[in-house]
Every structure is written in C-alpha cells, then in structure tokens.
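K.L.:
2 protein chains.
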Amino acid sequence: MNPETPNITRWKCLCAYDGAPFDGWQSQRGGRAIQDVIEARLKEIFGRLIRIHASGRTDAGVHARGQVFHFDAAWKHGPEKLRAALRGGLPWQIQIKSVRAVTADFHSRFSAKGKLYLYYLHLGDADPFTRPYAWVIERVQPLDIEAMKKGAAILRGKHDFRAFSALNGPPREDTVRDLRRLEITRRGARVRIAAEADGFMYKMVRSLVGALVTVGEGKLAPDGLRELLETGKRTISVQTAPPQGLFLEKVFY
Amino acid sequence: MNPETPNITRWKCLCAYDGAPFDGWQSQRGGRAIQDVIEARLKEIFGRLIRIHASGRTDAGVHARGQVFHFDAAWKHGPEKLRAALRGGLPWQIQIKSVRAVTADFHSRFSAKGKLYLYYLHLGDADPFTRPYAWVIERVQPLDIEAMKKGAAILRGKHDFRAFSALNGPPREDTVRDLRRLEITRRGARVRIAAEADGFMYKMVRSLVGALVTVGEGKLAPDGLRELLETGKRTISVQTAPPQGLFLEKVFY
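Chains as they are written, first to last, in our numbering: chain Y, -2 to 250; chain G, -2 to 250.
So this is what it looks like as structure tokens:
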C-alpha cells in the first residue's frame, strides 16, 4: 500500500501460457504478444491502460508454467475476484494461476532471486501430442547422454556465459551468471534438461541446450564447453535450440 | 497379394493424430477431414485417387494414438519408403507410426476384434498444456470417484448399450456390445477412464463417460446406470462428454 495513493495495490500474478499462438511475452506492434493480450484484458476491467511487468520476457514460441508479473491498480473486491475477472476475458492458452496483493517494494523482475527453466528433447519419431512441446531429434545416431552429462558438469557453477548469449560486439554488460543447477535426466525417448540460475541472458537456456546437443551428437567434446566458457566466443557449436521445447517453470523470490 | 492384380499390395497403416484442427476422420465436403488429408497425400504419391479404410471414424476433435487404416496400391520400394513418402507431405498433427504389407483378406474395420479408448478428465483449474486433451471439470464440488467406480462395475460386461448410443427411433441395428474393460484411475487432478470392447457405437464412449460423470456429480445413483441398460432409453443423465478428452488408443486384430 502506497501512502500517497492509498487505493492502489500492487498485484502479483502467477501465470502459465502456451507460447505457440503468441509473438513472445513482450509488447509488439500488432498486439499478439502475451503482454498485449493481458493488458488488453486489464483495460477492459479497469477502463484504462495498466502496464504489467514480468520477471523477464520469453521469446516467441517459448512456454511458461510459472511466469510472474505484477501491476498496480485500485481494486476493492479481493484477489480471487480479480483473478476471475482476468481469466474471464483471456484466451485459454493463458492461465492465471493465482493473484495476490504484495507490498509496493515487490518487483517481478528486480526482486527475483533466480529462475528455473525446463527444456524437453524427444529422441526419435514423436506423436502430435509431443511435437509442440519438445525438440524432436529424429536422427538415426542416438545422442550420447553420458557425454552431455559430463558437459553439464562443466557448465554448472559461476561462469562468464558470454559465449552462450546472443550478444555481439565488445563486452558491455555483466555476463557472469551462477548456474546453480544443470541437470539432464532421460526417461525412454524423453530427455529433460533443468537449468536454474540467479538469472539468464537473452537466449541463454536455448544456447546451453543447443551446445549440449552438439556434444551429444559427438561434434564437440565435453571439454570444448570449457573452452567456450574461457574464450567467451560463441561458435557454431552453440546452436540455438528451438523455442517450443522450453518452459519457464518457476521464478524464485 | 491378389493373384488377379499381382502388383497391388494391401498396406496397413498405424497412425496418430491431434483431432483439434480437423473435421473428424470421415471425408467431408471442404476436405478438412483426416481421411481427406491422407487421401490427398496418396494422390500426390500415386497420381490417382486411392481410398483409405479406417477401423472406424472418429468424431471432430477426437484424438488418436492408435488408429488403423488400409489401402491398396502398387508400390515397389518397401514399407519404410512408403511411410516416409506419406509422412513427408502430411501436417505434423498426423503421424504415420508404421506401414506394413498385409494379405488381401485383412480389413481395418471388419478384421478388428476390439478397440481401446482412453478418456481423460481433469478436476479443477487446468493449464494450457492439459486443456486441449481433457474434459476440464472446474466445479467446486469434487467428483465422487468411488461412486463412478461402482457405476463402471455395473456397465462392464455384455449388455445392450442402446441408451448410450446416439440412435433415435425404433431398434434397427444390433446394439449389444461386450464392454470387456471400463476402468477408472485417478492420479491427483487427473482421472483416466479406459474403455475396451469388441466394438463401440457412434458416440458410445463419450456417452458412457458423460453418464459416469453424472454419477460422480451425485445427480444419478450408480444403480441408475443399470436402469439405463435395462430400459434402453437415453435420458438427460447420459450427457455426451466433449471430444477433446477422448483418444482412440488401440485397435485389436
């Protein structure tokens, strides 16, 4: 509650979305970003533009099970009714999982202590219920999962991840991140890569996954990942994994 | 191999599809039935109309993990190349899982000894990855799963299922089916209903599921299902469950 605007509350919202039908999180000309769709609904409810602030943007095609955003608005009817009002006018591909009032010092992005992403690979032919939610790798030569696990052990920890970012040109921003968890688990044809860090750069998870798959293909030794960390130079070994395998699972506060 | 047309082989195909973007299995004016899409691809491969014959039609919105169809065509390059040719030109929502040559006495529909369908309910709020593949039941009062299991025990076995068909008017066709399995399993918010029989009538699985949900809601006692079997009269207790929860899982030969 802000003492200068006593009616205004900060609302923290947890949401899930299927990224396929949208142009990513961040507002776009044309209005088919997830942010645009939610802000359009808020405008219907409150009669004016209300900006929402997410923990971070997700790219076109990336999914979320635990994205967090906040906004400030005067609403007297409690969080459950606000959630119902929001849900009522949103496409089913966006789910508002919870709404709660928070103090004005909470910020979805700046208060975040870390994030967990999950990425799914599917090895071999995939049915239509898997394809929209995984990177389907159909090649005959199976991926070497043990080599990928060795690679993950090299990448884990606090490093300069510049080589796994989409950055070009001279160093400008801080590219050191603490990759607290990078875990590969296989169950049958399904491989899950869990990545948790204090923060991720633009396309960093998809670049880590792409490099690990290059290792799994035998085109890069696990030790090659150490070289990428040390030189900070992105090479063609760092392919960008396709977006539909990626889920923003949880934001930690 | 037909001795009169020595070049013609009968091909048995196993396929999976997401029912959402199509107008059901059976050929439609406008051509957005699954049958139309596959026949259009066969026409591209063989240069002429080739009719396909499925184990049975599925309604608009119903999914399949194990639909079977067959067709007759002259093809010299073996089943794997035929499968690749078919797959190459189909939308990803239709997967050709296998192709094999069978004898001319095989018929997808008439040779079938039984079918297994799975139906998924989701209790409570559902995320966007569940909604397209389940009947989401959000009401506050939870379903009485034990009552539904009692109801399933009454429905199992060989009965006249006329009350669970879409038939109107005087009895004309045989409406006795052997429901060998009707099994309800719950895991958290997810309820799975497995139905296996020697055959199913039009909308029969969705009618069985709808009636079981009516029982779960407490609007019909399990014994009410016995009465439906005995009178053969469909009542409002027999709602038709929505198509997106239903999967044709397997056809037995």
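Every residue, glycine too, gets a C-beta built ideally from N, C-alpha and C.
Nearest CA to the CA of Tyr250/G: which residue from Leu179/G, Ala194/G, Trp22/G?
P.N.:
Counting from one through the second sequence, the residue named residue 250/G turns up at place 253. Nearest option by C-alpha distance: Ala194/G.
K.L.:
Applying the criterion that 16 or more other CB atoms from any shown protein chain within 10 Å of the CB defines a buried residue, is Thr100/G buried or exposed?
P.N.:
Position 103 of the second sequence, counted from the first residue, corresponds to residue 100/G. So Thr100/G counts as exposed.
K.L.:
Taking the straight line between their C-alpha atoms, what separation do you get for Tyr114/Y and Asp20/Y?
P.N.:
If you number the first sequence from 1, residue 114/Y lands on position 117. If you number the first sequence from 1, residue 20/Y lands on position 23. Cα-Cα distance, rounded: 19 angstroms.
K.L.:
Which one of Ala81/Y, Phe103/Y, Gly86/Y has the shortest CA to CA distance from Ser95/Y?
P.N.:
As a working note, residue 95/Y is residue 98 in the first sequence. Ser95/Y has its Cα closest to that of Ala81/Y, out of Ala81/Y, Phe103/Y, Gly86/Y.
K.L.:
Could you check whether His60/Y and Trp8/Y sit closer than 8 angstroms to each other, using their CB atoms as the reference points?
P.N.:
What you label residue 8/Y is simply residue 11 of the first sequence in a count that begins at 1. What you label residue 60/Y is simply residue 63 of the first sequence in a count that begins at 1. The answer is no: Cβ separation not under 8 angstroms.
K.L.:
With distances taken between CB atoms, is the gap from Arg187/Y to Tyr116/Y smaller than 8 angstroms?
P.N.:
Translated into the one-based positions of the first sequence, residue 187/Y becomes position 190. Translated into the one-based positions of the first sequence, residue 116/Y becomes position 119. For Arg187/Y and Tyr116/Y, no; Cβs fall outside 8 angstroms.
K.L.:
Taking 7 angstroms as the cut-off, does the CB of Val96/Y come closer than this to any heavy atom belonging to the ligand PLP?
P.N.:
As for the ligand PLP, it is missing from this structure, which has no ligand bound.
K.L.:
Please report how far the alpha carbon of Phe244/Y lies from the alpha carbon of Arg62/Y, in whole angstroms.
P.N.:
For the purposes of this step, residue 244/Y is identified with residue 247 of the first sequence, where counting begins at 1. For the purposes of this step, residue 62/Y is identified with residue 65 of the first sequence, where counting begins at 1. Approximately 7 angstroms between the Cα atoms of the pair.
K.L.:
Would you call Pro125/G buried or exposed, if buried means 16 or more other Cβ atoms sit within 10 Å of its Cβ?
P.N.:
The count along the second sequence starts at 1 and reaches residue 125/G at position 128. Classification for Pro125/G: buried.
K.L.:
With respect to the alpha helix (DSSP H) encompassing Thr211/G, which residues constitute its N-terminal and C-terminal limits?
P.N.:
For this step, residue 211/G is matched to residue 214 along the second sequence. From DSSP, the alpha helix (DSSP H) with Thr211/G extends over 201 to 213.
K.L.:
Relative to the alpha-carbon of Ile91/Y, which residue among Met198/Y, Lys230/Y, Gly16/Y has its alpha-carbon at the smallest distance?
P.N.:
Taking the first sequence and counting its residues from 1, one reaches residue 91/Y at position 94. It is Gly16/Y.
K.L.:
Output yes if chain Y places a C-beta closer than 8 angstroms to the C-beta of Pro125/G; else output no.
P.N.:
What you label residue 125/G is simply residue 128 of the second sequence in a count that begins at 1. By this cut-off, Pro125/G is an interface position.
K.L.:
Note down, in chain order, every chain Y residue with its Cβ under 9 angstroms from the Cβ of Gln92/G.
P.N.:
The residue given as residue 92/G occupies position 95 in the second sequence. Near Gln92/G (Cβ distances below 9 angstroms), the residues of chain Y are Asp122, Ala123, Asp124, Pro125, Arg128.
K.L.:
Report the neighbours of Asp15/Y on chain G: residues whose CB is nearer than 7 angstroms to its CB, in chain order.
P.N.:
Counted from its first residue, the first sequence places residue 15/Y at position 18. Result: Pro125, Phe126.
K.L.:
Hey, which unbroken runs of the beta strand (DSSP E) at 3 residues or more fall wholly within the region 89 to 148 of chain G?
P.N.:
List check, beta strand (DSSP E) in window: 91 to 99, 111 to 120, 132 to 134.
K.L.:
I'd like to know whether the C-beta of Trp132/Y is nearer than 8 angstroms to at least one C-beta of chain G.
P.N.:
In the first sequence, counting from the first residue as 1, residue 132/Y sits at position 135. Closer than 8 angstroms: no.
K.L.:
How far does the beta strand (DSSP E) with Ala191/Y in it reach, from first residue to last?
P.N.:
Within the first sequence, residue 191/Y is the residue found at index 194, counting from 1. It spans 187 to 194 - the beta strand (DSSP E) in which Ala191/Y sits, taken as one unbroken run.
K.L.:
Roughly how many whole angstroms lie between the Cα atoms of Leu39/G and Gln32/G?
P.N.:
One-based indexing of the second sequence puts residue 39/G at position 42. One-based indexing of the second sequence puts residue 32/G at position 35. Distance between the alpha carbons of Leu39/G and Gln32/G is about 10 angstroms.
K.L.:
By the three-class DSSP mapping on this structure, what secondary structure does Lys40/Y have?
P.N.:
On the first sequence, residue 40/Y is found 43 positions in, with the first residue counted as 1. Looking at Lys40/Y - three-state DSSP - the assignment turns out to be helix.
K.L.:
Whole angstroms is fine: what's the gap from Gly58/Y's alpha carbon to Val133/Y's?
P.N.:
Numbered from 1 along the first sequence, position 61 holds the residue referred to as residue 58/Y. Numbered from 1 along the first sequence, position 136 holds the residue referred to as residue 133/Y. Rounded to the nearest angstrom, the two C-alpha atoms are 15 angstroms apart.
K.L.:
CA-CA distance, Glu41/G and Thr55/G?
P.N.:
Walking along the second sequence from the start, residue 41/G turns up at place 44. Walking along the second sequence from the start, residue 55/G turns up at place 58. If I take the Cα positions, the gap works out to 24 angstroms.
K.L.:
Please tell me whether Trp258/G has its Cβ less than 8 angstroms away from any Cβ of chain Y.
P.N.:
Here chain G has residues from -2 to 250 only, and residue 258/G is not among them.
K.L.:
Reducing DSSP to helix, strand and coil, say where Leu225/Y ends up.
P.N.:
One-based indexing of the first sequence puts residue 225/Y at position 228. Helix.
K.L.:
Looking at C-alpha atoms only, which residue of Ala13/G, Ala144/G, Ala51/G, Glu170/G is the closest neighbour of Glu180/G?
P.N.:
The count along the second sequence starts at 1 and reaches residue 180/G at position 183. That would be Ala144/G, whose Cα lies nearest to the Cα of Glu180/G.
K.L.:
What residues in the region 50 to 83 of chain Y have a beta carbon less than 7 angstroms from any beta carbon of chain G?
P.N.:
So the list reads Arg62, given in the order they occur along the chain.
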